[in-house]
Every structure is written in structure tokens, then in C-alpha cells.
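Let me begin by presenting the structure, written as C-alpha cells, before commenting on it.
Chains as they are written, first to last, in our numbering: chain A, 1 to 248; chain B, 1001 to 1248; chain C, 2001 to 2248; chain D, 3001 to 3248; chain E, 4001 to 4248; chain F, 5001 to 5248.
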């Protein structure tokens, strides 16, 4: 299958990190294309940044969906995920949703370990959108401003492990989600030190994308994820015009 | 006060309708500026369309916020509302949120009367984002495809009244929200025929905007609605760059 | 408009405090009448005291509603608010509900800062009645018994500010509600020191009363806030008899 | 034990009905005293009427609690129940709460069968106050205005049975609560015709009152049901003054 | 009445403890039979152990139900409670459910005090099954591995009292449930030292069993607790075969 | 990978059906072993039957887990799923949970289409255990008693399709779960006729089992899914003894 992974942030280094982690888990027959948002911010922590990221992702998805079998929106918080599902007729996955689905099959309550305090409100709202707030034991985050998004895993490894142990021992987590594309792969490298299963959004999303493709469901023609009704539009890019009005 | 009302749809006729209803309720000292999205669709019914509308609204808000005291995002569903609150230091209001706040002060449970079946999932999710799903008695909608967004109030007056009565008698609504900018003013024109209070999003938003301005709270410097951390960005319009990085 | 503000407590000094704060925010055309409960306790902290306060408020409201355009029940916890809405055909508002509505338009999650530990259960239940428990980040309260209800703002200013900061930094509040009529005005005086918006119940209620009056909805003739069915009664004051059985 | 049962309505005929049903289920050693509210309405259907009923019940409870071992507030909706628990040091029970507790031990989801449409909002709120809304399958009610509260069981027996069957077959109820003091005893008389357990509030309350008395817990000295802090009061009856300020 | 109390654990000493506490509270006319699971573990702390305990309890219940008027499943967590209700036509009660029902009539929010950290997830899920998670203030537990299940009350009396005080003062509990059959009777022995009501599962269950028997409801013939449809089975004990297929 | 699929029912024909559907979706490298419960009933519809099925599944799982890489509990309702997760150190999956996870990635709200009215309460409780009740649009079921569990798909194809359309059009489902092992494969055969994605529990579980195996998380050593503490046991099969006390 042809899998398109779009980083809604503009950080090419994070795109590389996601790409490596994706290749590691993907089935041999899965061909991965990585893309980086052409507009937006270095890493999304807030609702406004997510809104921009959603728009940037939509543009890339609209341009390239026809050549792929599934798309992953590769920022935790899943910017634009539900929106894209309405207009594309291939599976669209997000890192948070995918990680939550994996976590739910590994335990009852989960915590999220994240890179900045600021990001936690947005993550909490994403869990709520997924309807899973009752299973969220906690969100624990690094406390300081992110200095270097590329080296955050190495710079803060011990603090991140300490957050993991607090989530287990104080918050009652059965399983931990290591959140945010910049932490892709961390779940794997620290797994041996942490006494509960660790879930990684990127590898979960790649596996679940392969599964949805294999399960082979068709796009909805009714319900709230059917294609939006055709109607006048204005000022949109050709690609977005085209997915809104395919007949045109 | 100077109030900017942005229609996230591209329909100038709907902008006019919103403008008239706004003028009718506004205090004499409130000076209203109406704007219409420069890009987007004729009327927003889905998550994807709302995402586009949020982006279009953000551009206008970013350009013009400095000259205003409050902004109303004038589409039911409140596209981009929470996002805009993070980057602007004036009050930002939405039609749904404003209508919900009015409704909560007039009864315990409310129903929403809307223009199309398709729109109801998006409205339901907006109520859920507001945390008020337990007070939602029902969403009742016209059944057919919208033909003419400009004349929908007249074309379907009797059906809309019938939906109102069903919401009261069958669903237990204490108060009704007439939803969607194309129905602006309908609450006023049919009020005498409906035996519970009717809430209109536009007039609610104008009044609540005046109230928030009068209450005079300052913008947050901490918490999840403080300004996003300054960080590299790319590909954004000058106005959006400027609100993301005001020092620059 | 003629606005009646009833203090459900017997403390005339608190009535004065509420009156001053109300005058400060009210529109020039709003004429405010202040009344103090003729029976009850010095300040309501519990469900039993609230029940007494509701009854005392009902008596005053029944006597004076006909000469007013809206009524504010001016104790946090909103004693008798929903009850009064059933029998009066003008808007009735409460401090908690009004503060919650303002807070919801300024952030996603709010904390309540209050004057006594004992009062927090009652406040929590009021938030739950409003259906907004999921958005309540915390209730933080002074720890000691209230000594002097009149001077509590001055006596405990630093502790109250510290509670505010804890709610923001530890509980994730986006906005703070300064609760309880004895703290009326505190939100204004400490606003500059607190990095998130502060909401005051009294000024919110005055503004929202003006808005509901301006929106001009009529009283319900159906639904759970329509007037109670006429039926035999006994032992009630003339005023309450009259609102229960207006034809008599 | 000495059990005081207070009818918060002024209808002596309903008090008799409650008394008969109570005697039927009470243990031989339980001595029952029946009292009827000295002020209020013929039967409580609304929040305002419940507020009046709570006040009337409080007066009787305050006067007579010292001579009893437990008190039942004998109107569905439990007017003043939580309030009374704060000031009395004997168990206080309500019909709704007691019926809910019985129902929860007989099935997972329950429906409530009630005498008037108007009453259903108040009942729903009572279930919500008990935190049991998720287990409420439905509330089904007679449709017309109550004509004769004393003969309602006979006048509407067949309709009430039909409501029972609808709740089972259409709403998924495992157990039914026959609600409202005017229906006391109906659960017993129609049980043979209804294929799920029927719960009666009055007999449940009498049994649970005996249980709480037997379990012998003491009144709280801390927490939100401890006695309210002693403070100035005014305009209250001697009995209520006495329970608010026992040392005086 | 003839009451069968089944200990789903294999610990005869705990059965004795339960038996003593049951006799102390039971009415003179209640004849109690105690039984201990014939298979299982020393004390249930986990979902797997509960599943085994449910099966062991079902076997004893199936064998002996016909000779009894009610059955108590005497392990906190209520293993198999809902399952047994489907196949037996006498009341079946559990310690957790019974304690929750008592607690709900004594306060609004309750905490659970338990013997091991490990047990708290299972208890939390039991409260959730009862639909009462919103009223759960906290679960507080002893921290160390249980050494001697028989002497745990004496070995840890002071720690247990400290947990009680923390639940009241830090978590906002109005009432405390002392959980787990090995703590049967502790509520009684430490009641004088704890300033809120303490609820014991065993004595609550005995009283509520007597009440359900007295209320005399019949077994359901419809709804989700009616007897399972008759169908082929295999490999089951004669007793279980018999309750599944009574005609056979 | 070696995948063990256990049918908790005793119906070998259903085991075959599950096996066929599993083979169809499984990766070439997945080696599937099918087993049928040695004790239990023909098909599980109730809590008691599920409890028996859980026990029967546990016995087979305990015997054979060591030779496999993952286990699927192949009855909708997931009997014993959480219990088995505690004692096995390989992934354990269930049909309901797996179907829910697939459905959540294909839409926001889902309905369940099932084979008998009686089964719906158990399914609803399973969704609730998964914390996803807010996303459940409805459960729609065939109305009559199941006659022939083996041919149910053919006997009722038209009715099942009609239920699908009702769930979409009347209940607002975005995606449908075809529930119950006896309906395995139906999602595939009717997909072309139904305008929203259809989810099948068996194929979802096989794919998710492969994913969890590929993700390679280790078994928890802490938290509520760690192995139960070692303690005395009695009367258990050698296999179950062995998984409870692996050192023995």
C-alpha cells in the first residue's frame, strides 16, 4: 500500500524522525511518502497553531490523496483529522487517535507524557474529542520551555522517565502514551526501564493505517462523514477546490 | 465600542442579514463593522468547511483586530473560536457559544433548530466542546437539501415552527436555539407563535460582546489561552505572522 | 430597565457591597433596587442555609417582581434560582450561573476561589446543576472559619491571590471566578496581579440581566419553566399566593 | 424505633395513603408518626413548589426531630432532603432516593412511572442529583392534567400499566419505580401484571430508614453534612433557630 | 428469612469474620448460612481472581438457592453479582453495591478505604459499574502487600484511621466505606474516632437483603435480568445446568 | 506469529465461521489456531452466560498461551478479556473492543447491529466498560428469538440491512459494527448495499492482534494489569494454577 504521512509542522527534522520510526514498523509492502507542511510553525502546542496546521495538511492531502491508499496526520493532537475524513475517500489517521486505540487494547487507564506544559490543554481536548476522558489517568509534561525540538529526547531522557513512573505510581496509569512527534521512538528506547506498556503514536498510526486499508471499508455516502454537499466556493487552492467539488 | 463581526462563509447576503440583526440589538455606542470571508464556501455544514472557515476568519481577524474592541465569529459552530482566543487580546465570541449562554440562563434544557440534517453532527460536537451536551434536549433540522440559503426563513417558516413544537413537546426543551446565521432574526419573527423562549445566536453574541467589553477583563498571560510561545514559522500571511510573533 | 437585586442573606453590609459593585457596571439607564432578605442567616455556606435563603428570596421577589424588569438572586450558589424562574415572567439571574456564563466565554476551564472550605461542596453542586462540572478545574478556598464577613477581602487579600495562582499553575484554570457576594469587587481590585481573566458574579449578573432584558424573550407557556399548574395551597404569604395563583 | 414521616404537601388524604403503605411494610417495633405540611400546595410538581415544600418540611422536622429516630420526607423529588441532613443528627430519607437505592439492587437500568408530564423535569433533576442519570432508562408519565389526586390510581390504572410495559419493551428498563406519594401502594397492586420488579418509594423509604437506624452511624462532625457553622440569624421560627444554633 | 452468604474467597477465617458481623446486625428472624468458595484464591484483588470467584460463587448459589430467600456475594467487588441476578429468582446482593447504597443515603460523596493498592482499580471499576463514579471522592489504600489477611484490621488500625482522615480532609468525602470482607467490623470498632459516618459492606448487605425480601418483588420475566433463553449447554455442573435449564 | 482464537461458546459451527473470516484477513505469516470452549452454552447473550464463557476461555488460554503470541477472545461482549490480560504476558484481544477501535477510526458515532434483543444490554455494558458510551448512536437488534445460530445471516439478511439503514438515518451513526461471532463475515457480504463503513469484530481483532504483536510492548510489571500477587489458591485446574503461580 502507498501511505502518505504528513507532518503538519514545518520542521523537516521532525519529519525525518517520524519517517525513520514509520519505516521501522511498516510492513515490507508498505511504501511510505513523507511530506512536511509548507506553512505553519515549528511545532504545534496550541489550538491556533493546530488550526494553521490543519489547513496546511489539508492542502497537501488534497494534492496527493489520489496517489495514496491512506494518510497519516503526523502531529499529536490530530489537526484536521475529522475534517479530512469528510473529503477523502481513503483512511485518514492521526497520532493521538492511533495511540489511544493502541492504549485501550493494552490497559484500562492511560497517561500521556508530553513535551511542554502548554501542550497539555490541547492534548486533553483531543482525548475528549475521542470520548476517552474517563480513561485518561493524567497528562504529565516537561516543565520548561522547549529549547531544541530536535534533541528533546536526549536532553530530557531522565525527566521523561521520571514522569512515566509518576504516572504509573501516583495517577494509576496502566499504559503510557509517549506523545508528540518529536518524541517518536522514545517509547522504544526506554521501554525496558518502564514497567508498563509504552505506546508510540507514529508506529501505532502506521500499523492501524495498514489495518484499515486491509479491512477495506469504503468511504461513507451517508452520515456525518459523507462528502460535504457541493456548493459555491471561492478563494481556495485548486487542490482543495477539487476535493470539495470533484465533478468540477 | 468597535465590534468586528466576521462571517466565515463567503455569502455576502448572509453577512447583510447578520449585520441587520446585529444593528437591531446593539447599543447605540456600539459601532459595528461587518466582514465576509475572502475564501471558503457558501455556508458551512461540515467539519472540513468549518476548518476552512476558521482559517479565513483568522486572516481577517489578524488584519483587523487591532482596530476593534471585540470580534464575533458569525457562523454557528464557531469555527476557529478557541484558536482566535489564544492570539487576540480582545474578547472573541461565537454564535453557538453565545446562544448556549443565553439559553442556559432561560431554562435547563434546550433544543437546537437548524437548517439541514447534515449540519447536526457539527452542531452536536460544538455543544459537546462547550461541555453542555447533558443539557441538549435535541437537535431538529429541516430534512431536505438547502436550495436557497438567502430565503430559507421564508421558504420553510411553517416547517421550522413545527420543529420548534416537536422539540418542546417530544424532547422536553425549555428553550430553543434557532441556529445558523441564515436563520438570524427568525427567533424574533416567530417568537409570538412559540410557547418557550427563543434564542438567536447573532443578537446574543452582540450583547455578550458588549458585556465582555464592559467587564473589562485583560487577556491571559498564563494558562491555555495565553499567547502561543514565539517560535519559527513559515508560509503565513503577514497578518498572521504578526499576531503569532508581535515583536517581530 | 428596573433591576431588583435581592441579597438572600440578612447582612446589610453585604447588600451595600453588592449594590456598589452593581452600580459601577450597570448601564446608565438601569435603575437598581437593592433588598436584603428579611429572614435567614448572615452568609450562606450550606444546603440548609441556601434553602432558607431561597424561601426568603421568593417572598421578596413575589412582592416586588411586578415593579421590575429583571431580578438577580445575589448569593453565590443561586438559592431558589430555578424555582423563581417558574413563577416569574421576567428574567431571573443568579451570581454563580452568571459568573459561569462569563467564564465560559473567556476560557475553557475555570476555577472558583471562595471564602470557606465549608462552602465548596455547595458551590460544586451548583456547578453540577449548571451541567459544567467537566469544565471546573478546581475550587480553592480559604481554610479558616470566616471571622468578619464584611472585611474578608482586606483581611485575606494575599491568601486569595495565592489561591488564584495555585488554581492557574496547578489545576489548569484558564479563568478564575471570584465567588461569593462578600468578595464582590475583589476581581477588579486584584486583576492586575493575576495573569488570567477574573470573573465577578455581581457584575456578570448585572450585565447579563441587561442582556436578557434587551433580548426580550417572553416567559414560557410550556416546558418545565412554564407557570406551575394552578392548585389548592395553604399557609402561604399573600405575595406567594398571588404568584402561584395570579387569577385569584 | 420512632419514625417520623412528613408529607411536604398539604393533602391530608395523601398523608393517609402514605401512612397505610408505611404501616404495611414497617417492622412491628417501628412506631410511625405521620405529619402533613402546614403550608404549601396540594401536590408538588415543580421546582418552586418543591422549594416551598422543603421549607414546610424543615419546620416540622425541626420541631419534632428530637423525639424521633429517623425522618422520611414523603414526596417524590425529596424536597429539602440534603438540607435537612445537615442540621439533624438522625437519618433523613426521601422517597426518590430510597426508591433509586432499591431499584439499583434489582436491576441495572430503571424507568420512572409518574402522574403528570409536568413533574418529569423535576424527577429527572432528582435522579441527576443522585448521580444516577446514566441508569435512568426513561420517565413515562400520564399525559393529562391531574384531576383528583386522591383517586388517581384507580382512575388511571390501565394507562399506568401501559406506561410500565412501554418502559420495559421500548426503553430497556429492568425495574420500574412507581413515583409519587399519590401512587403509593400501586406497585403492590399491579405487580402481578408487570413482568419486572416494581419499586415503591414509601415502602422502600420505611425499610431503608429502619436499616440506617440499625446500622447506627453517627452524625458527621466534618465534611459537607456536618452541622452548619453557628452564625447570626434572623426572622426564623423558634424551631429552626434551635436546630441552627442548638447551644442558644 | 433464610439468608445464604457466600464468601467467594477460599479463606475460612474471613468467612467466620463475615459470619460474626452478619449475625450482629441480622434481625432475630433471619437465619444465616455461611459458605466458603470451594475453589479460588485467598483473597480477591484483581479482575482475574474476581472472575474465578464469580464462577465458584455461581456453583454454590446454584446448588443452594432453592433453600434460601436471598443470597449475599460476600466479597467487595461483587464478583458475579449481575450474572447471578439473571438466573436466580431470589434477591442477590453484593458488599460493594450494598455499601454504596448505604453511603448514598448518608452523604453526597464517599471515599473507599481498602487493604491494598492493587485492589483499587477493581473497586473503581465496580463503582463505575454501579454508575456512581461521580460521587466517588477517592479510594485510599494501605500501601504494602497484605501479609496476614486475618489480622489486617489489628495490624494496620492506625494507618487505616489515617487514611480515613485524609479522605475526609483532602478528598472531600462525606461518608467512608470500609471495603473488603477482611475489614468487616472495622467500621464499627473505629467509628468513634472518625468524624463522618462509616459504612460496612457486610452489615449493609444483610440489612438490604432483609429489606428486599420484605419488599417482596418478584423475579423479572422480561428485561435484561429475566432468565437467559433456554439453549444447548455442555460441560457444566449439574447445579448450573439446572439453573440454566430448570425444566430439564 | 502464532495466534490463538478461542470461541467462548460451545458451537463448533461458529468456531468454523470465525476461523474462515480470520484466515481471509490474516497476514500470510500469521498462523491461526482455533479452539472452542469445552464448557458453556451455544451462544452467549447474557451476563451469566458470559461469566461461564470467561471461565471456559480462561482454561483454554491458560493451557495454550505459552505456545502463542496473541489470543483473541472470539465472542462479542469480550468475556473475561480484562481478566486474561492480567495473567497472560501476550496481547489478548476481544471482538467488541477490536470492533470499537476500528469504528472509532472510521467515524465519530457508531451503532451496533446485533442478533437478539436480549443481547443488547450486555453489549451496551461492554461499550460502557470501554468508556465509549457517548459515541454509541444506538444498538439495533433482530426482534425474534434466534432459531438457528448457524444460518442467521442468511435467514435474516434483509432485516439486518434494514436495521443498518435505520441506524444511519434515524440514529445518526457514521459507522456500523456488525456484532456477534455468528454474524462474522456479514459486514463484508453486505458492504456494497450500506452507505457507511461496516466493521466486523473478527477481522478487526485479527488485524489488531497482528499490530499489537508487531508493536512489541512487554507485559506490565506494575499497574492494574500486572500479574496478580502470588497467594494461596485451591480447587483450580493445573493450567490456571500455573498461570496464577508460575513459580510453583
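The C-beta atom is built at its ideal place from N, Cα and C for all residues, glycine as well.
- Between the C-alpha atoms of residue 3176 of chain D and residue 3197 of chain D there is a straight-line separation of about 6 angstroms.
- Residue 3048 of chain D has a beta carbon lying within less than 8 angstroms of a beta carbon in chain C.
- With a threshold of 8 angstroms between beta carbons, residue 3137 of chain D makes no contact with chain B.
- Look at residue 3078 of chain D here: in three-state DSSP terms it is coil, with no helix or strand label.
- Across the set A:102, A:179, A:71, A:77, the C-alpha of A:102 shows the shortest separation from the C-alpha of residue 5214 of chain F.
- Counting along the chain, residue 3231 of chain D sits inside no alpha helix (DSSP H), nor does DSSP assign it H or E at all.
- Residue 5203 of chain F has its alpha-carbon roughly 21 angstroms from the corresponding atom of residue 5163 of chain F.
- Looking at C:2027, C:2003, C:2031, C:2049, the one whose alpha-carbon comes closest to that of residue 2010 of chain C is C:2049.
- For residue 1173 of chain B, the C-beta contacts it makes with chain C under 7 angstroms involve 2223, in order along the chain.
- Nearest CB-CB separation between residue 1217 of chain B and chain C: below the 8 angstroms threshold.
- In this structure residue 5100 of chain F is in contact with residue 5132 of chain F, their Cβ atoms being roughly 6 angstroms apart against a cut-off of 8 angstroms.
- For residue 130 of chain A, the neighbours in chain F by C-beta distance under 8 angstroms run, in chain order, 5104.
- At a cut-off of 8 angstroms between beta carbons, residue 1065 of chain B makes no contact with chain F.
- Contact with chain C is absent for residue 1202 of chain B, since none of that chain's Cβ atoms lies less than 8 angstroms from the residue's Cβ.
- Rounded to the nearest angstrom, the gap between the Cα atoms of residue 2178 of chain C and residue 2185 of chain C is 9 angstroms.
- Of the residues B:1004, B:1112, B:1207, the one whose Cα lies closest to the Cα of residue 1172 of chain B is B:1112.
- Following the DSSP letters along the chain, one finds residue 2101 of chain C inside the alpha helix (DSSP H) bounded by residues 2095–2104.
- Residue 2107 of chain C belongs to the set of residues whose beta carbon lies under 8 angstroms from a beta carbon in chain B.
- A residue is called buried when at least 16 other Cβ atoms come within 10 angstroms of its Cβ; residue 5024 of chain F does not meet this threshold and is exposed.
- Between residue 1084 of chain B and the set B:1057, B:1040, B:1104, the nearest pair of CA atoms involves B:1057.
- A contact between stretches requires three or more CB pairs, one per stretch, nearer than 8 angstroms, and the stretch 2139–2153 of chain C fails this requirement with the stretch 148–160 of chain A.
- For residue 4240 of chain E, the enclosing alpha helix (DSSP H) begins and ends at 4238–4244.
- Residue 5196 of chain F carries a coil assignment under DSSP once its states are collapsed to helix, strand and coil.
- Taking a cut-off of 8 angstroms for Cβ pairs, the stretch 1054–1069 of chain B and the stretch 1227–1246 of chain B touch, as three or more such pairs fall below it.
- Taking one beta carbon from each stretch, the stretch 4115–4133 of chain E and the stretch 4031–4049 of chain E have 3 or more pairs nearer than 8 angstroms; the two touch.
- Under DSSP, the beta-bridge partners assigned to residue 2141 of chain C are C:2114.
- One Cα belongs to residue 4082 of chain E, the other to residue 3034 of chain D, and the distance between them is close to 37 angstroms.
- Straight-line measurement puts the Cα of residue 1127 of chain B at about 24 angstroms from the Cα of residue 93 of chain A.
- Using a 10 angstroms sphere on the CB of residue 2143 of chain C, the tally of other CB atoms stays under 16, which defines it as exposed.
- Rounded to the nearest angstrom, the Cβ distance from residue 3115 of chain D to residue 3161 of chain D is 14 angstroms, too far for a contact under 8 angstroms.
- Going by DSSP, residue 2007 of chain C is part of the beta strand (DSSP E) stretching over 2002–2007.
- For residue 1152 of chain B, there is no enclosing beta strand (DSSP E); the enclosing alpha helix (DSSP H) covers residues 1152–1155.
- In this structure, the straight-line span from the alpha carbon of residue 4016 of chain E to that of residue 4231 of chain E is close to 39 angstroms.
- Excluding residues up to 5 positions away in sequence, 1219 lie with their Cβ nearer than 7 angstroms to the Cβ of residue 1089 of chain B in the same chain.
- In the three-state scheme derived from DSSP, where H, G and I count as helix and E and B as strand, residue 53 of chain A is classed as helix.
- If you draw a straight line from the Cα of residue 5194 of chain F to the Cα of residue 5165 of chain F, it is about 7 angstroms long.
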